[in-house]
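Position 271, counted from 1, in the sequence shown is what this note's numbering calls 290; the numbers after and before it change by one each time, with no gaps.
Beta carbons are placed, not taken as given, at the ideal position from N, Cα and C, and that holds for glycine.
Quantities reported herein were computed from a predicted structural model and do not represent experimental measurements.
Structure first, commentary second.
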Amino acid sequence: MIRPKANKKNNKNWYECRVGRIEEDITTHRILARMAWIATKLFNTAMWHARQTWDTTGKIPNGIALQKVVHASYYHDFLPAHTYQHTAHQVGNSFRSWFQLRKKDKTAMPPGFRRKEDLSAFLFTGYGFKAVTNNCFLFTLGPKLKAELSYPNKRLTLRVKWNTPFPVGGQIQQIEIVPRKDHFEVHAKVLMPEPEWRKTGQIKAIDLGQRNPVASYNEDGQTAIFKGGQVLSYLQYWNKEKARVQSEVMGRTATRPRKKRRRWSKALGRMARHGNAQVKQAIHAMTKTIADRCGEEDVKVVVLGDLKGIKKNEDGTGKNWNRKASQNWQQFPIRQVVDQLRYKLRRRGIRLIEIDERGTSKGRCSVCGNTDRKSMRRVHRGTFHCRKCDTHINADINGARNILHKYLHQSEWLRQPPDEGSSGFLADPSIYRWDDHAWSVVG
Ligand SMILES: [Zn+2]
Numbered sequence: 020m021i022r023p024k025a026n027k028k029n030n031k032n033w034y035e036c037r038v039g040r041i042e043e044d045i046t047t048h049r050i051l052a053r054m055a056w057i058a059t060k061l062f063n064t065a066m067w068h069a070r071q072t073w074d075t076t077g078k079i080p081n082g083i084a085l086q087k088v089v090h091a092s093y094y095h096d097f098l099p100a101h102t103y104q105h106t107a108h109q110v111g112n113s114f115r116s117w118f119q120l121r122k123k124d125k126t127a128m129p130p131g132f133r134r135k136e137d138l139s140a141f142l143f144t145g146y147g148f149k150a151v152t153n154n155c156f157l158f159t160l161g162p163k164l165k166a167e168l169s170y171p172n173k174r175l176t177l178r179v180k181w182n183t184p185f186p187v188g189g190q191i192q193q194i195e196i197v198p199r200k201d202h203f204e205v206h207a208k209v210l211m212p213e214p215e216w217r218k219t220g221q222i223k224a225i226d227l228g229q230r231n232p233v234a235s236y237n238e239d240g241q242t243a244i245f246k247g248g249q250v251l252s253y254l255q256y257w258n259k260e261k262a263r264v265q266s267e268v269m270g271r272t273a274t275r276p277r278k279k280r281r282r283w284s285k286a287l288g289r290m291a292r293h294g295n296a297q298v299k300q301a302i303h304a305m306t307k308t309i310a311d312r313c314g315e316e317d318v319k320v321v322v323l324g325d326l327k328g329i330k331k332n333e334d335g336t337g338k339n340w341n342r343k344a345s346q347n348w349q350q351f352p353i354r355q356v357v358d359q360l361r362y363k364l365r366r367r368g369i370r371l372i373e374i375d376e377r378g379t380s381k382g383r384c385s386v387c388g389n390t391d392r393k394s395m396r397r398v399h400r401g402t403f404h405c406r407k408c409d410t411h412i413n414a415d416i417n418g419a420r421n422i423l424h425k426y427l428h429q430s431e432w433l434r435q436p437p438d439e440g441s442s443g444f445l446a447d448p449s450i451y452r453w454d455d456h457a458w459s460v461v462g
């Protein structure tokens with residue numbers, strides 16, 4: 020799967036990954052299946068070379084050596100050019116990650132060959148294809164492949180169509196053909212057109228956190244809190260299960276043959292996928308609920324404190340969330356929430372802006388502007404209390420209000436006089452909880 024990167028700073032060059040099921044006739048199927056089969060061959064050729072290098076020298080083959088191997092193979096020229104480089108990368112990467120794993124676990128198996136009846140994905144980039152419409156592209160078969168399939172005409176151009184048209188105005192930059200059980204899919208990286216940004220409406224500020232992943236405050240005073248408890252308990256459950264199975268695997272490695280061990284590690288992989296799927300579903304539902312609400316509440320801009328501001332969990336554990344590697348199984352995947360919100364809001368023409376929230380969310384009373392830490396405290400269940408103005412307010416809503424304030428006043432925000440007419444905010448926030456199917460308001 021291609022992972023499109025978006026330019027986060029200015030929302031320009033916005034890519035999305037789109038998937039479509041290819042509508043096959045016999046010719047298309049025959050050609051694609053042959054190419055996917057060759058992609059497997061190519062992968063195994065590179066893998067064979069990598070293993071050979073490892074066995075004889077004890078070193079991981081470098082990328083250039085692998086690229087040379089795939090270029091020199093009999094199967095060169097059968098596939099679109101970029102696929103060769105891509106395959107070399109894949110093999111190199113799987114060896115490198117195995118090498119890392121090996122430092123911790125001496126029994127880790129080196130990366131293996133693909134079964135020869137399996138089909139592999141292949142990749143078109145740049146001039147390798149021509150997008151005709153938003154659900155069709157053309158490519159020309161290489162001479163070797165054409166000869167092998169014994170097509171007589173000089174040039175054979177294949178027209179590949181898929182069922183779900185990509186967004187109008189989007190430009191397809193890269194196409195991956197992915198074999199599935201009984202069909203093929205296109206996974207395309209699409210450069211998206213600039214949306215029609217909303218010009219009128221209100222601003223919503225969001226404070227991100229662990230226990231309450233999202234706490235929001237609108238300019239009109241509406242508040243909402245999304246509770247992370249249920250999702251965190253999934254994460255903890257799967258984490259425990261994983262540890263249990265892992266220790267079982269370790270306990271048996273001495274006595275069990277390789278095959279059994281492999282079966283256990285497959286079980287682990289399945290579990291991780293299942294746990295991930297549960298969490299993923301909850302996160303997608305959450306970001307959709309928020310984006311839908313933004314539409315209903317006539318929001319034009321959503322402001323977030325950027326993740327650099329949040330370093331630790333409430334209990335002091337955990338690391339910088341901004342780094343992907345430190346996102347472990349115990350933490351609410353905030354980064355995913357932000358990434359999904361960004362594109363779901365964009366599709367609705369709503370801008371998402373991250374501001375530096377350092378010092379804003381926890382260290383300031385959003386009602387009177389007091390920043391003297393001695394005169395404020397957190398009372399039970401995440402309530403913030405300011406002694407100066409005697410306000411009790413949910414700590415995360417206080418954070419969201421501070422973010423809104425900072426966005427509206429930018430650098431001047433600390434010296435601003437108290438908010439005017441701030442009585443509306445004390446209305447109880449809508450509390451959203453996940454019930455395994457949807458996020459709904461409780462209480
Ligand atoms: Zn105060």
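With DSSP as the reference, label Val-461 as helix, strand or coil.
Correct three-state label for Val-461: strand.
Can you tell me whether Asp-44 is buried or exposed? The criterion is at least 16 other CB atoms within 10 Å of its CB, across all chains shown.
Exposed, because fewer than 16 other Cβ atoms sit within 10 Å of the Cβ of Asp-44.
Grouping DSSP H, G and I as helix and E and B as strand, with all else coil, what is Glu-315?
Residue state, collapsed to three classes: helix.
Run through DSSP, which three-state label would Lys-208 get?
Correct three-state label for Lys-208: strand.
Let me know the secondary structure DSSP gives Phe-158 once reduced to three states.
DSSP places Phe-158 in strand when its eight states are reduced to three.
Is it buried or exposed for Gln-255, if we count other Cβ within 10 angstroms and need 16 for buried?
Exposed is the call here.
Assign Tyr-103 to one of two classes, buried (16 or more other C-beta atoms within 10 Å of its C-beta) or exposed (fewer than that).
So Tyr-103 ends up on the buried side.
DSSP state of Glu-238, grouped into three classes?
Looking at Glu-238 - three-state DSSP - the assignment turns out to be coil, as it is neither helix nor strand.
In terms of residues, what are the limits of the alpha helix (DSSP H) holding Leu-423?
Run containing Leu-423: 414–428, per the alpha helix (DSSP H) assignment.
Where in the region 113–184 do unbroken runs of the beta strand (DSSP E), each at least 3 residues long, occur, reported from the N-terminal end onward?
Segments of the beta strand (DSSP E) lying fully in the region 113–184: 141–144, 149–152, 155–159 and 176–181.
Inspect the beta-carbon positions of Ile-194 and Phe-203 and report whether they are closer than 7 Å.
No, the pair does not count as a contact, with Cβ atoms beyond the cut-off.
So, at 7 Å on beta carbons, what are the nonlocal neighbours of Gly-382 in its own chain, with the 5 sequence-adjacent residues on each side left out?
Counting only Cβ-Cβ distances below 7 Å, and skipping sequence neighbours, we find Thr-390 and Arg-392.
Strictly closer than 6 Å from CB to any heavy atom of ligand 1: give me those residues in the order they appear in the chain.
After applying the 6 Å Cβ criterion, the set is Cys-384, Val-386, Cys-387, Asn-389, Cys-405, Lys-407, Cys-408 and Thr-410.
For my contact list, Gly-161 and Phe-97 are in at a C-beta cut-off of 8 Å; report their separation, rounded to the angstrom.
Rounded, the Cβ-Cβ distance is 6 Å, consistent with contact.
On the DSSP bridge assignment, give the partners of His-411 in chain order.
Paired residues: His-404.
How far does the beta strand (DSSP E) with Lys-223 in it reach, from first residue to last?
That run of the beta strand (DSSP E) goes 221–227.
At the level of alpha carbons, what is the spacing between Gly-337 and His-293?
Confidence at Gly-337 is low in this model, with a pLDDT of 42, below 50, so its placement is unreliable and no value can be given for it.
Could you check the C-alpha separation between Asn-341 and Arg-37 for me, to the nearest Å?
Confidence at Asn-341 is low in this model, with a pLDDT of 42, below 50, so the placement of that residue should be treated as unreliable; the coordinate-derived value is given next. Going from the Cα of Asn-341 to the Cα of Arg-37 covers about 26 Å.
According to DSSP, simplified to helix, strand and coil, what is Gly-324?
Correct three-state label for Gly-324: strand.
By alpha-carbon positions, which one of Asn-63, Gln-192 and Thr-76 ends up nearest to Leu-142?
It is Gln-192.
Hey, Val-356 and Ala-224: beta-carbon distance below 7 Å or not?
Taking 7 Å as the Cβ cut-off, Val-356 and Ala-224 do not qualify as a contacting pair.
Contact check, Ile-422 vs Leu-360 under 8 Å by CB: the rounded distance?
Incorrect: roughly 14 Å between the Cβ atoms, too far for contact.
Am I right that Gln-229 and Phe-351 are in contact with their C-beta atoms under 8 Å? What's the rounded C-beta distance?
About 5 Å; that satisfies the 8 Å criterion.
Could you tell me which of His-411, Val-318 and Tyr-253 sits nearest to Asp-455, measuring between CA atoms?
Of the candidates His-411, Val-318 and Tyr-253, the one whose C-alpha sits nearest the C-alpha of Asp-455 is Tyr-253.
To the nearest angstrom, how far is the alpha carbon of Thr-126 from that of Arg-133?
Between Thr-126 and Arg-133, the C-alpha separation is close to 20 Å.
Taking Cβ to Cβ, would you say Lys-319 is nearer than 7 Å to Arg-420?
Result no, Cβ atoms of Lys-319 and Arg-420 do not sit closer than 7 Å.
With DSSP collapsed to three states, give me the class of Glu-267.
Residue state, collapsed to three classes: helix.
Near Trp-453, which residues of its chain fall below 7 Å by C-beta distance, leaving aside the five closest residues on each side in sequence?
Taken in chain order, the residues that qualify are Gln-249, Val-250 and Ala-301.
Under a Cβ-count criterion, where at least 16 other Cβ atoms within 10 Å of its own Cβ denotes burial, should Pro-80 be classed as buried or exposed?
Flag for Pro-80 reads buried.
For the putative contact between Ser-113 and Ala-58, defined by C-beta atoms under 8 Å, what is the C-beta separation to the nearest angstrom?
Contact doesn't hold; Cβ gap of about 15 Å is too wide.
Beta-carbon separation of Ala-19 and Val-110 under 7 Å?
Any property of residue 19 remains undetermined from this structure, which presents the chain solely from 20 to 462.
Comparing alpha-carbon positions, which option in Lys-60, Pro-186, Glu-267 and Arg-115 lies nearest Val-88?
Looking at the Cα atoms, Lys-60 is the closest of the given residues.
When you compare only the Cα positions, how much space is there between His-424 and Ala-234?
If you take the alpha carbons of His-424 and Ala-234, they lie about 15 Å apart.
With distances taken between CB atoms, is the gap from Thr-183 to Ile-416 smaller than 7 Å?
In this structure, Ile-416 does not lie closer than 7 Å to Thr-183 by Cβ.
At what residues does the alpha helix (DSSP H) containing Gln-86 begin and finish?
Run containing Gln-86: 82–91, per the alpha helix (DSSP H) assignment.
Quick check on Gln-109: does DSSP put it in helix, strand or coil?
Reduced to three states, the DSSP call for Gln-109 is helix.
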